[in-house]
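J.:
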Amino acid sequence: MSRIEKQFTVQFWGVRGSIPSPGPHTVRYGGNTPCISMQAGDKRLIFDAGTGLHVLGQSMLRQMPLEAHIFFTHSHWDHMQGFPFFSPGFVKGNDFHIYGAIAPDGSTIEQRLNDQMLHPNFPVPLQIMQANLNFYDIRPGQPIHIDDVTVETAPLNHPGEAVGYRVNWHGGAAAYITDTEHFPDRLDDNVLWLARNADILIYDSTYTDEEYHCPTSPKIGWGHSTWQEAVKVAQAANVKTLVIYHHDPAHNDDFLDRVGKQASAKFPGAIMAREGMVLQIPTSVVLSESFPVSKFSS
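When you read off a place in the sequence shown, starting at 1, and then add 1, the result is the number in the numbering used here.
The structure is reproduced here in C-alpha cells:
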C-alpha cells in the first residue's frame, strides 16, 4: 500500500445549505451546496451531490479511470443539483456505486436522479452518462460494508426523511449528519448513536438558537438544527472534532466568523466547515516507521 492508501481523510467541496451563495461575502467559507469526500485507504466515498460535486468532479478528471461510492442523505435539490454536472459520470470506464434510501413516495434514488434530468428541466437524460452507474437502495439502520470500510446508517428528523452516515475504518470514525432537526426536549438517539466517540462529527448547524426561535420568523419545523445543539451533541457523544456545517445562505463570512468563535468557546474542538478544508483522522494503520499514527480507543 502507498502512504496515501493508509490514510483516512475528509475533504469539503460544498458547505452551504439550501441554495448556492456565490459572491464577495462568502469567499472564505464558500457558496457551493453540500458535498464532502472521504478517502478511507483505497476507497473513495462521496456524500451528497450539491454544487460542490462539480468542483470535486473537476479535480477527479486527472485520476481516471476511477471508482467511487456516492451516498445521498436525501434528494432535496441542494443535495443533488450537482449530479448532472459531475464530469466523471460522463466518462466511459469510470465506476460509481450510488446509494440512497427509498423516499416516502416509493421512489428510488435512481428514479429521482433520472427525473431531475428529464425535459423540460435538463437538456440531457441520465442515460447519456457513460460511466458505469450502480444503484443501491439502502435501509436506514442497516450497515453497508465495502471491504474493510463499514458505513453505518440511521434515519434523521427531516421533512421528507433523510439518512445520517458514520464511516468506520481501522479505528477511525467520521459521522456525516446533515439536514436534521433537533428535538425540543431531548437529544436524538439516532444522532447520538452515529456520533458516538467519533473523531469527526459533521453536523447540520444551519441556524443559531436565536434564529430558530425568532418570534417573527421562526424556523421550527424547517428540518434543520443550530450550532448550539451541535455542541450539545458533540459533548454528549464524546466527539473529538465538531464541524459546523450546512451554512445558511444568508450567513456571510463575518457572521460565520462570529459563530466559529462562539462555538469554539463552548466546545474547544469545534471548527467551521470551509470549502477545500481537509481533515485527517487518526487510525490504527501505521504509515511507516517515520510516520506513526496514534491509535484511538472507541
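Ideal Cβ positions, reconstructed from N, Cα and C, are used throughout, including at glycine.
Quick one: Cα of His-70 to Cα of Val-150, how far?
T.: Here the question's residue 70 lines up with position 69 in the sequence shown. Here the question's residue 150 lines up with position 149 in the sequence shown. Approximately 11 Å, taken between the alpha carbons.
J.: Indicate whether Gly-83 and Met-65 have their beta-carbon atoms separated by less than 8 Å.
T.: Indexing the sequence shown from 1 puts residue 83 at position 82. Indexing the sequence shown from 1 puts residue 65 at position 64. No, these two residues do not count as a Cβ contact at 8 Å.
J.: Relative to the C-alpha of Gly-51, which residue among Asp-190, Gly-224, Pro-219, Ser-38 is closest?
T.: By 1-based counting over the sequence shown, the position of residue 51 is 50. Nearest of Asp-190, Gly-224, Pro-219, Ser-38 to Gly-51, Cα basis: Ser-38.
J.: Tell me, please, which residues DSSP counts as bridged to Gly-15.
T.: The residue labelled residue 15 in the question sits at position 14 within the sequence shown. Answer is Cys-36.
J.: Hey, out of Thr-34, Gln-112, His-146, Met-273, whose CA is closest to Asp-79's CA?
T.: For this step, residue 79 is matched to residue 78 along the sequence shown. Checking every option, the nearest Cα to that of Asp-79 belongs to Thr-34.
J.: For Gly-101, which residues does DSSP report across the bridge?
T.: Taking the sequence shown and counting its residues from 1, the one referred to as residue 101 is at position 100. DSSP output for Gly-101 lists Asp-138 as bridge partner(s).
J.: Could you say which of Pro-85, Asp-49, Pro-141, Thr-217 lies nearest to Asn-115 if we only look at CA atoms?
T.: Locating residue 115 in the sequence shown gives position 114, counting from the first residue. Measuring from the Cα of Asn-115, the nearest candidate turns out to be Pro-85.
J.: Can you confirm whether the stretch 228–238 touches the stretch 264–272 when touching is taken to mean that 3 or more C-beta pairs between the two stretches lie within less than 8 Å?
T.: Because the criterion of three Cβ pairs below 8 Å is met, the stretch 264–272 and the stretch 228–238 touch.
J.: Tell me which residue opens and which closes the alpha helix (DSSP H) that Glu-111 is part of.
T.: The count along the sequence shown starts at 1 and reaches residue 111 at position 110. Its alpha helix (DSSP H) spans residues 110–117.
J.: Extract the residue ranges of the alpha helix (DSSP H) inside the stretch 211–290, only unbroken runs of 4 or more that lie entirely within it.
T.: With a minimum length of 4 residues, the continuous alpha helix (DSSP H) runs that stay inside the stretch 211–290 are 228–237, 254–267.
J.: Expressed to the nearest angstrom, what Euclidean distance is found between the alpha-carbon atoms of Thr-209 and Ile-20?
T.: Indexing the sequence shown from 1 puts residue 209 at position 208. Indexing the sequence shown from 1 puts residue 20 at position 19. Those two C-alpha atoms are separated by around 18 Å.
J.: Phe-268: buried (16+ other C-beta within 10 angstroms of its C-beta) or exposed?
T.: Walking along the sequence shown from the start, residue 268 turns up at place 267. Looking at its Cβ environment, which holds 16 or more other Cβ atoms inside 10 Å, Phe-268 is buried.
J.: Just curious, the beta strand (DSSP E) that Leu-202 is in, first and last residue?
T.: Position 201 of the sequence shown, counting from 1, holds the residue named residue 202. First-last of the beta strand (DSSP E) with Leu-202: 201–205.
J.: Ala-163 bridges to which residues according to DSSP?
T.: Position 162 of the sequence shown, counting from 1, holds the residue named residue 163. For Ala-163, which the question treats as bridged, DSSP gives the partners Leu-157.
J.: Look up Asn-191 in the DSSP assignment and say whether it is helix, strand or coil.
T.: On the sequence shown, residue 191 is found 190 positions in, with the first residue counted as 1. Of the three classes helix, strand and coil, the one that applies to Asn-191 here is helix, per DSSP.
J.: Between which two residues does the beta strand (DSSP E) harbouring Gly-173 extend?
T.: The count along the sequence shown starts at 1 and reaches residue 173 at position 172. Taken as a continuous stretch (DSSP letters only), the beta strand (DSSP E) holding Gly-173 covers 173–178.
J.: Applying the criterion that 16 or more other CB atoms from any shown protein chain within 10 Å of the CB defines a buried residue, is Tyr-129 buried or exposed?
T.: Here the question's residue 129 lines up with position 128 in the sequence shown. For clarity, residue 129 is Ile in the given sequence; the question names Tyr instead. Burial call: exposed.
J.: Suppose you measure from the CA of Leu-257 to the CA of Val-28; what does that come to, to the nearest Å?
T.: Locating residue 257 in the sequence shown gives position 256, where the first residue counts as 1. Locating residue 28 in the sequence shown gives position 27, where the first residue counts as 1. Cα to Cα, the separation comes out at about 12 Å.
J.: Helix, strand or coil: how does DSSP classify Leu-62 here?
T.: The count along the sequence shown starts at 1 and reaches residue 62 at position 61. In the structure shown, Leu-62 sits in a helix (DSSP, three-state: H, G or I).
J.: Who are the near neighbours of Gly-142 in its chain, counting only those whose CB is closer than 8 Å to its CB and skipping five residues on each side?
T.: Residue mapping note: residue 142 aligns to position 141 of the sequence shown, counting from 1. Excluding residues within five positions, the ones whose Cβ falls inside 8 Å are Thr-154, Ala-155, Pro-156.
J.: What's the gap between the Cα of Phe-292 and the Cα of Phe-97?
T.: On the sequence shown, residue 292 is found 291 positions in, with the first residue counted as 1. On the sequence shown, residue 97 is found 96 positions in, with the first residue counted as 1. At Phe-292 the pLDDT is 36, less than 50, meaning the model places this residue with poor confidence and gives no usable figure here.
J.: For Asp-96, which three-state DSSP category applies?
T.: Here the question's residue 96 lines up with position 95 in the sequence shown. In this structure, Asp-96 counts as strand in the three-state DSSP scheme.
J.: So, using beta-carbon positions, are His-183 and Thr-207 closer together than 8 Å?
T.: Here residue 183 corresponds to residue number 182 of the sequence shown, with the count starting at 1. Here residue 207 corresponds to residue number 206 of the sequence shown, with the count starting at 1. In this structure, Thr-207 does not lie closer than 8 Å to His-183 by Cβ.
J.: Just mark Gly-107 as buried or exposed, buried being the case when its beta carbon has 16 or more other beta carbons within 10 Å.
T.: The residue you call residue 107 lines up with position 106 of the sequence shown. By the neighbour-count rule (16 or more Cβ atoms within 10 Å), Gly-107 is not buried but exposed.
J.: In chain order, what residues of the same chain have a beta carbon less than 8 Å from the beta carbon of Gly-222, not counting five sequence neighbours either side?
T.: Working through the sequence shown from its first residue, we reach residue 222 at position 221. Answer for Gly-222: Pro-160, Glu-182, listed in chain order.
J.: Take Arg-45 and list the residues in its own chain whose beta-carbon comes closer than 6 Å to its own, dropping the five residues that flank it on each side.
T.: Mapped onto the sequence shown, residue 45 falls at position 44. Taken in chain order, the residues that qualify are Ala-69.
J.: Would the beta-carbon of Pro-250 fall within 8 Å of that of Ser-22?
T.: For the purposes of this step, residue 250 is taken as the residue at position 249 of the sequence shown. For the purposes of this step, residue 22 is taken as the residue at position 21 of the sequence shown. Contact flag set, yes.
J.: From the DSSP output, in three-state form, read off Leu-54 for me.
T.: By 1-based counting over the sequence shown, the position of residue 54 is 53. Helix at Leu-54.
J.: Could you tell me whether the Cβ atoms of Arg-259 and Gly-31 are closer together than 8 Å?
T.: As a position in the sequence shown, residue 259 is number 258, starting the count at 1. As a position in the sequence shown, residue 31 is number 30, starting the count at 1. No, Cβ-Cβ distance for Arg-259 and Gly-31 is not below 8 Å.
J.: If we ignore side chains and look at the alpha-carbon of each, how far apart do Pro-126 and Met-118 end up?
T.: The residue labelled residue 126 in the question sits at position 125 within the sequence shown. The residue labelled residue 118 in the question sits at position 117 within the sequence shown. Answer to the nearest angstrom: the Cα atoms are 5 Å apart.
J.: Can you name, in chain order, every residue of its own chain whose Cβ lies under 6 Å from the Cβ of Leu-54, other than the five neighbours on each side?
T.: Translated into the one-based positions of the sequence shown, residue 54 becomes position 53. Same-chain partners within the cutoff: Cys-36, Gly-83, Phe-87.
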